[in-house]
Every structure is written in C-alpha cells, then in structure tokens.
Amino acid sequence: MDAERLIEQIAEQQGVDYKTASALIASLLESIAEQLAAGERICFEGFGEFAIKRIPPWLGPHPDTREMVTLPGRNVPYFQSDPALRKRMNDGVDWKHTMPRPIKKK
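Below you can see the structure in the form of structure tokens.
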C-alpha cells in the first residue's frame, strides 16, 4: 500500500476529506521525526516503538588512499514491533518468544 491509498483509507474510516487526512498524517510523521531528532522514544501501545540507535565511530578505509581512518558515529532510527502486533501478524503466535523447531533430516 502506498501513502496515497493509506490516506484515502483513513479519510473513509474517519469520515473526513482527503486533504484533512493527509494533513493529519503529515503532522503525525513530522512530530515523530522531531521527537526522534531530540533523542526521544515514541511508543504506540499494541503497535510498537520508534527509537534511535547510536552507531559508534568505527575504522574504515578511505575510498581514495585506502588508509584506515576513523569514521564518525551516527544515529539511526529503528522500529521495534509490540508483541501484540507480532501475534496479530502470525495467527496468535509471538515468533520472537517461541523456540525454534528442529530441522528434520532427510
């Protein structure tokens, strides 16, 4: 599903026009981005959590000289799904907290 179809679906479900639904979603996404940029976590009960993961500086080759240089660390946004969402996607089974099945030998 693309963003346009999602906006149309939300507009239909909430009984608002496309422009209003689009503005609400744009505002939600902008608010999430602002909070992440400020280092905050955003939790949606039953859905999941958006947060920032810090990647520390590391050694890597310079593209021209191949000399090893320290590359700067960076922040990367990530999403962790809630167990309720995982269960909903997997017929009531939370795959993250289940034991793996043994591989059958032929």
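Just so we're aligned: 83 in the UniProt record's numbering is position 83 of the sequence shown, and the numbers increase by one with no gaps anywhere. Cβ atoms here follow ideal geometry from the backbone N, Cα and C, with glycine treated the same way. Being a predicted model, the structure only gives us computed values, none of them experimental.
- The beta carbon of Arg74 lies closer than 7 Å to those of Ile55 in the same chain, with the five residues before and after it left out.
- According to the DSSP assignment, Met89 belongs to the alpha helix (DSSP H) that extends over Pro83 to Met89.
- Here Arg5 carries a helix assignment [DSSP, helix/strand/coil].
- About 7 Å separates the Cβ atoms of Phe50 and Pro77, confirming a contact at the 8 Å cut-off.
- The three-state reading of DSSP puts Ile52 in strand, counting E and B together.
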